[in-house]
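Undergrad:
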Amino acid sequence: MALNVKDLRIVSSAFTALERIPKRYTSEGENISPPLEWSGLPAGTKQLALICHDPDAPLPDGFTHWTIYGIPANVSQLAEAGGSKFTEGMNSSDKPGYTGPAPPAGHGPHHYYFWLYALDKELDLKPSLNREQLLNAIADHVIEQARLVGIYER
204 MALNVKDLRI
214 VSSAFTALER
224 IPKRYTSEGE
234 NISPPLEWSG
244 LPAGTKQLAL
254 ICHDPDAPLP
264 DGFTHWTIYG
274 IPANVSQLAE
284 AGGSKFTEGM
294 NSSDKPGYTG
304 PAPPAGHGPH
314 HYYFWLYALD
324 KELDLKPSLN
334 REQLLNAIAD
344 HVIEQARLVG
354 IYER
């Protein structure tokens, strides 16, 4: 997958880049996904995929909090707790859907990367893909990607 960052942007009304994610969206709070919106889709975008990943987790591949895909190109946002109408894959807890930040207490700040991928093809992917499976499935179809990074620590 080639890195391509141009005009695609992803933001949240709940937190800004490199700011603390509100407790509401963590496993200590309501454990619901934050609202997200995006703009600047590149020409030829047919579908979108999104991954939330914590590379600071003390695991070999970090911790995946959310994989969601099959998002039509005409969708420009996900409302708070709003991912279930699209295909959700498995998180690192081996469960479908979103699971909020829960870094080990005293482990310091963790960075949560919300990666948005614009795809050049409508992919008919089966449910329950994990992060690695999703990245492999979309690798040849990513036109552009953008990220929003939030921080949380206990």
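Taking the working numbering, the leading residue of the sequence shown gets 204, the next gets one more, and so forth.
Just so it is clear, CB atoms sit at the ideal spot from N, CA and C, and this is done for glycine as well.
Under the rule that 16 or more other beta-carbon atoms within 10 Å means buried, what is Gly232, buried or exposed?
TA: Indexing the sequence shown from 1 puts residue 232 at position 29. It is exposed - the Cβ of Gly232 has fewer than 16 other Cβ atoms within 10 Å.
Undergrad: Leaving out five residues on either side along the sequence, give the residues of the same chain with a beta carbon under 6 angstroms from the beta carbon of Leu281.
TA: On the sequence shown, position 78 is the one that residue 281 refers to. The answer, listed in chain order, is Leu239.
Undergrad: Please check the pair Gly285 and Ser236, which I expect to be a contact at CB under 8 angstroms, by giving their CB distance rounded to whole angstroms.
TA: Numbered from 1 along the sequence shown, position 82 holds the residue referred to as residue 285. Numbered from 1 along the sequence shown, position 33 holds the residue referred to as residue 236. Going by Cβ atoms, the distance from Gly285 to Ser236 rounds to 7 angstroms, so yes, they are a contact pair.
Undergrad: Taking the straight line between their C-alpha atoms, what separation do you get for Ala321 and Gly311?
TA: Looking up residue 321 in the sequence shown gives position 118. Looking up residue 311 in the sequence shown gives position 108. So the two alpha carbons sit approximately 32 angstroms from each other.
Undergrad: Tell me the DSSP secondary structure of Asp210 in three-state form.
TA: Walking along the sequence shown from the start, residue 210 turns up at place 7. Coil, per DSSP.
Undergrad: Do Tyr301 and Gly353 come within 7 angstroms of each other at the CB atom, strictly closer than that value?
TA: Here the question's residue 353 lines up with position 150 in the sequence shown. Here the question's residue 301 lines up with position 98 in the sequence shown. No, the Cβ-Cβ distance between Gly353 and Tyr301 is not below 7 angstroms.
Undergrad: Using the Cβ count rule (16 or more neighbours within 10 Å means buried), how would you classify Asp327?
TA: As a position in the sequence shown, residue 327 is number 124, starting the count at 1. Under this definition Asp327 is an exposed residue.
Undergrad: Distance, Cα to Cα, Asp257 vs Gly265?
TA: Locating residue 257 in the sequence shown gives position 54, counting from the first residue. Locating residue 265 in the sequence shown gives position 62, counting from the first residue. Roughly 6 angstroms between the two C-alpha positions.
Undergrad: Using alpha carbons as the reference points, say which of Trp269, Lys288 and Asp343 lies closest to Val278.
TA: Your numbering for residue 278 matches position 75 in the sequence shown. With distances taken between Cα atoms, Val278 lies closest to Lys288.
Undergrad: In whole angstroms, give me the CA-to-CA distance for Ile341 and Gly243.
TA: The count along the sequence shown starts at 1 and reaches residue 341 at position 138. The count along the sequence shown starts at 1 and reaches residue 243 at position 40. So the two alpha carbons sit approximately 19 angstroms from each other.
Undergrad: Can you list, in chain order, the residues of its chain with a C-beta nearer than 6 angstroms to that of Gly273? Leave out the 5 residues immediately preceding and following it.
TA: Position 70 of the sequence shown, counting from 1, holds the residue named residue 273. Setting aside the 5 residues that flank it on each side, Gly273 is surrounded in the same chain by Phe289 and Thr290, each with a C-beta closer than 6 angstroms to its C-beta; the list follows chain order.
Undergrad: Take Ala260 and list the residues in its own chain whose beta-carbon comes closer than 6 angstroms to its own, dropping the five residues that flank it on each side.
TA: Mapped onto the sequence shown, residue 260 falls at position 57. Cβ contact annotation for Ala260 (same chain, cutoff 6 angstroms, sequence separation greater than five): Phe266, in chain order.
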